[in-house]
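Chemist: Counting from 2, one number per residue, gives the positions in the sequence shown under the working numbering. The beta-carbon is built from N, C-alpha and C at its ideal position, and this holds for glycine as well.
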Amino acid sequence: MNRSEQLFERAKNVIPGGVNSPVRAFQAVGGRPRFIAKAEKEMITDVDGNTYIDYIGSWGPMILGHNHPAIREAAMEAAGRGLSFGASCPAEVEMAELICQMVPSIELVRMVNSGTEAVMSALRVARGYTGKNKIIKFEGCYHGHCDSMLVKAGSGVMTSGVPDSAGVPEGCAKDTLTAVYNDADSVRSLFSQFPGEIAAVIVEPVAANMGVVVPKEGFLSELRRICDEEKALLIFDEVITGFRLGFDGAQGYYGVTPDLTTFGKIIGAGMPVGAYGGRREIMEMVSPVGSVYQAGTLSGNPVAMAAGLAQLHILKENPKIYEEMNAMGDYFRAELSQLVKTAGAPCRVTGVGSLSCLFFTGEEVVDYRSAKTSDVSAFADYFRYMLAHGIYVAPSQFEAIFLSSVHTKEDVDRTLTVIEDYWKEKAHR
Ligand code: PMP
Numbered sequence: 002m003n004r005s006e007q008l009f010e011r012a013k014n015v016i017p018g019g020v021n022s023p024v025r026a027f028q029a030v031g032g033r034p035r036f037i038a039k040a041e042k043e044m045i046t047d048v049d050g051n052t053y054i055d056y057i058g059s060w061g062p063m064i065l066g067h068n069h070p071a072i073r074e075a076a077m078e079a080a081g082r083g084l085s086f087g088a089s090c091p092a093e094v095e096m097a098e099l100i101c102q103m104v105p106s107i108e109l110v111r112m113v114n115s116g117t118e119a120v121m122s123a124l125r126v127a128r129g130y131t132g133k134n135k136i137i138k139f140e141g142c143y144h145g146h147c148d149s150m151l152v153k154a155g156s157g158v159m160t161s162g163v164p165d166s167a168g169v170p171e172g173c174a175k176d177t178l179t180a181v182y183n184d185a186d187s188v189r190s191l192f193s194q195f196p197g198e199i200a201a202v203i204v205e206p207v208a209a210n211m212g213v214v215v216p217k218e219g220f221l222s223e224l225r226r227i228c229d230e231e232k233a234l235l236i237f238d239e240v241i242t243g244f245r246l247g248f249d250g251a252q253g254y255y256g257v258t259p260d261l262t263t264f265g266k267i268i269g270a271g272m273p274v275g276a277y278g279g280r281r282e283i284m285e286m287v288s289p290v291g292s293v294y295q296a297g298t299l300s301g302n303p304v305a306m307a308a309g310l311a312q313l314h315i316l317k318e319n320p321k322i323y324e325e326m327n328a329m330g331d332y333f334r335a336e337l338s339q340l341v342k343t344a345g346a347p348c349r350v351t352g353v354g355s356l357s358c359l360f361f362t363g364e365e366v367v368d369y370r371s372a373k374t375s376d377v378s379a380f381a382d383y384f385r386y387m388l389a390h391g392i393y394v395a396p397s398q399f400e401a402i403f404l405s406s407v408h409t410k411e412d413v414d415r416t417l418t419v420i421e422d423y424w425k426e427k428a429h430r
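#1: Can you tell me where the alpha helix (DSSP H) with ARG370 in it begins and where it stops?
#2: Under the DSSP definition of a beta bridge, which residues are partnered with HIS67?
#3: Does the ligand SAM have a heavy atom nearer than 7 Å to the CB of THR117?
#4: In this structure, how does DSSP classify ILE420 when only helix, strand and coil are distinguished?
#5: Could you please give the first and the last residue of the uninterrupted beta strand (DSSP E) stretch that includes CYS358?
#6: Any chance the CB of GLY145 is under 7 Å from a heavy atom of the ligand PMP?
#7: Compute the distance between the beta-carbons of ILE136 and ILE203, then report whether it is under 8 Å.
#8: In whole angstroms, give me the CA-to-CA distance for VAL353 and TYR323.
#9: Does the structure place the segment 77–84 close enough to the segment 327–341 that three or more beta carbon pairs sit under 8 Å?
#10: Note the first and the last residue of the continuous beta strand (DSSP E) segment covering LEU234.
#11: Do ALA79 and PRO303 count as a contact pair if the criterion is CB distance below 8 Å?
#12: Give a yes or no on whether 8 Å exceeds the smallest Cβ distance from PHE27 to chain C.
#13: Would you check if the distance between the CB atom of GLU239 and the CB atom of PRO216 is smaller than 8 Å?
#14: Should LYS266 be counted as a contact of the ligand PMP given a C-beta to heavy atom distance under 7 Å?
#15: If TYR56 and ILE402 are in contact, beta carbons under 8 Å, what's the gap, nearest whole angstrom?
#16: So which of THR242, HIS67, ALA201 has the shortest CA-CA distance to ARG128?
#17: Nearest-angstrom Cα distance between GLU325 and CYS142?
#18: Per DSSP, VAL202 is paired with what?
#19: Are three or more beta carbon pairs between the segment 337–352 and the segment 105–122 nearer than 8 Å?
#20: Is it right to say MET77 is buried, meaning 16 or more other beta carbons lie within 10 angstroms of its own, or is it exposed?
#21: Given that a residue counts as buried once 16 or more other Cβ atoms are within 10 Å of its Cβ, and exposed if not, what is ILE241?
#22: Should GLY275 be listed as close to the ligand PMP, given that the test is whether its C-beta is under 7 Å from any heavy atom?
#23: Would you check if the distance between the CB atom of ALA119 and the CB atom of THR263 is smaller than 8 Å?
#24: VAL287 and ILE227: beta carbons closer than 8 Å?
#25: Out of PRO170, MET284, THR177, ILE37, which one is the CA nearest neighbour of CYS101?
#26: Contact between the segment 393–402 and the segment 366–383: three or more CB pairs below 8 Å?
#27: Could you give the distance in angstroms between the alpha-carbon of THR46 and the alpha-carbon of ARG35?
#28: Quick check: the Cα distance between PRO289 and GLN295, rounded to an integer number of angstroms?
#29: Please classify ARG349 as buried or exposed, where buried requires at least 16 other C-beta atoms within 10 Å of its C-beta.
#30: Using a Cβ-Cβ cut-off of 6 Å (strictly less than) and excluding sequence neighbours within five positions of GLU223, which residues of its own chain qualify?
#31: Helix, strand or coil, according to DSSP, for THR131 in the structure here?
#32: Here's the rule I'm using: 16 or more other beta-carbon atoms within 10 Å means buried, otherwise exposed. How should ILE16 be labelled?
#33: Based on the DSSP output, what are the partners of ASP55 in its beta bridges?
#34: Would you mind working out which of GLU43, TRP60, ASP414 sits nearest VAL24, comparing C-alpha positions?
#35: With DSSP as the reference, label VAL257 as helix, strand or coil.
#36: Any heavy atom of the ligand PMP closer than 7 Å to the Cβ of GLU421?
Structure follows, in structure tokens:
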């Protein structure tokens with residue numbers, strides 16, 4: 002047994018399934034998960050000394066690559082002054098000012114510790130503000146593991162074939178209505194079925210937890226129109242897209258303004274951080290100003306804020322990073338599409354900016370139903386080949402391929418070559 006295998010065996014004795022988050026167990030793809038010893042720029046190294054080009058980037062936050070020196074130093078410097086105060090610190094103010102400045106829809110923002118918390122809190126605010134209870138989400142969108150959002154969810158929930166979770170009381174799920182991604186009529190129809198009862202529509206503006214499914218032209222603006230007509234709030238869950246598609250996230254990229262926005266890990270540059278924010282009058286519902294209670298002992302943690310601020314400042318001062326990273330994404334998708342076509346592989350390439358996906362289906366992927374037509378065992382075969390050849394993509398069909406600003410053309414070309422070799426070898430098996 003190698004060291005990763007030994008660690009996994011030990012882990013299984015003391016951690017459910019040996020992992021602290023389900024997708025890490027490689028359940029959907031088989032084989033043993035790699036335990037990671039260190040990461041630098043676009044590369045990660047496992048405990049057995051194998052090095053991989055990493056296309057997960059800690060599931061999004063490593064926009065500038067792993068272990069960026071300025072971010073590491075900012076975190077270490079902050080740590081030198083104490084790990085947590087349980088009282089306000091200057092970096093929280095700076096972070097909130099920066100977010101409000103860069104994302105025009107946000108006038109007030111509250112820090113939390115994860116994307117799940119951000120979503121859970123934003124939903125509570127939406128309900129408190131509108132005085133209504135029902136929430137519309139989209140099939141295949143993942144918004145963290147809070148009870149009301151584990152209904153037809155994506156990501157690990159989709160991978161393990163459990164659309165709903167045990168332990169979620171019926172009462173919690175009954176106010177969650179599900180619509181079809183990229184189908185505004187399905188949203189309209191829910192509003193007419195439940196007139197005056199719907200507090201908010203929550204959406205991943207680019208769905209990145211059922212693979213990557215981009216919004217069709219007009220879909221997001223139509224959601225905006227419907228919410229205005231129905232006096233419901235529009236919530237963009239930008240845990241994946243925020244500060245990734247551009248400094249003002251998907252809302253800036255697509256030019257549609259939500260009422261509330263949730264952010265996650267990217268704000269902490271990999272430290273455990275989330276945030277939710279929006280218009281002043283809505284966010285003034287939050288305690289201690291308003292009647293919606295929400296709190297967190299470690300929220301606005303000084304070390305996490307320092308790391309996050311360091312990353313956001315670099316991005317703000319170098320807007321070209323987005324241009325270049327998104328252009329690399331375009332290049333990757335164009336080459337990959339060509340390669341798949343030449344190989345005659347029954348695959349679809351989707352994505353936008355630095356988010357991409359290789360779907361193992363011949364169908365155009367526009368929603369949960371079409372994403373589910375993917376051949377997951379074919380994906381698993383491809384995944385194992387990639388890993389064996391030094392390319393670390395997400396261990397599930399229903400996740401994104403994340404590029405960072407430090408992936409080079411050589412990395413991308415090498416990756417494309419491995420994929421090309423995969424199809425050639427497969428043809429000869
Ligand atoms: N929303 C979206 C869109 C996500 O992708 C995720 C997780 N990747 C979450 C919410 C939950 O975030 P966390 O895992 O930090 O709780």
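Modeler: The answer reads as follows:
#1: First-last of the alpha helix (DSSP H) with ARG370: 369–372.
#2: HIS67 is bridged to LYS42.
#3: No copy of the ligand SAM appears in this structure; the ligands present are the ligand PMP.
#4: Secondary structure of ILE420 (DSSP, three-state): helix.
#5: Per DSSP, CYS358 belongs to the beta strand (DSSP E) from 356–360.
#6: A heavy atom of the ligand PMP is found nearer than 7 Å to the CB of GLY145.
#7: Contact: yes.
#8: Their Cα atoms are separated by approximately 12 Å.
#9: With contact defined as three or more Cβ pairs closer than 8 Å, the segment 327–341 and the segment 77–84 are not in contact.
#10: Here the beta strand (DSSP E) through LEU234 covers 234–238.
#11: When the beta-carbon positions are compared, PRO303 and ALA79 come within less than 8 Å of each other.
#12: As a matter of chain content, chain C is missing from the structure shown, which is built from one protein chain.
#13: Their beta carbons are not under 8 Å apart, which means GLU239 does not touch PRO216 by this criterion.
#14: Yes; taking the cut-off as 7 Å, the Cβ of LYS266 has a heavy atom of the ligand PMP nearer than that.
#15: Cβ atoms of TYR56 and ILE402 come within 8 Å of each other, at about 5 Å.
#16: Ranking the options by Cα distance to ARG128, first place goes to ALA201.
#17: Near 28 Å, if we compare the C-alpha coordinates of CYS142 and GLU325.
#18: Note: VAL202 sits in a beta bridge opposite ILE137, LEU235.
#19: The segment 337–352, when compared against the segment 105–122, does not touch it at the 8 Å Cβ threshold.
#20: It counts as exposed.
#21: Taking all protein chains in view, the Cβ of ILE241 is crowded by 16 or more other Cβ atoms within 10 Å, so the residue is classified as buried.
#22: Checking every heavy atom of the ligand PMP against the Cβ of GLY275, one is found closer than 7 Å.
#23: It is a contact, given that the beta carbons lie within the stated cut-off.
#24: When the beta-carbon positions are compared, VAL287 and ILE227 stay at least 8 Å from each other.
#25: Answer by Cα proximity: MET284.
#26: Touching, yes.
#27: Their backbone Cα atoms lie some 9 Å apart in a straight line.
#28: Spanning the two alpha carbons is a distance of roughly 9 Å.
#29: A buried status is given to ARG349, since no fewer than 16 other beta-carbon atoms sit within 10 Å of its beta-carbon.
#30: The answer, listed in chain order, is ALA185.
#31: Helix at THR131.
#32: The residue in question, ILE16, is exposed, as its Cβ has fewer than 16 Cβ neighbours within 10 Å.
#33: Partner(s): TYR393.
#34: Comparing alpha carbon positions, the residue from GLU43, TRP60, ASP414 closest to VAL24 is TRP60.
#35: In the structure shown, VAL257 sits in coil (DSSP, three-state: anything other than H, G, I, E or B).
#36: Outside the cutoff, so no.
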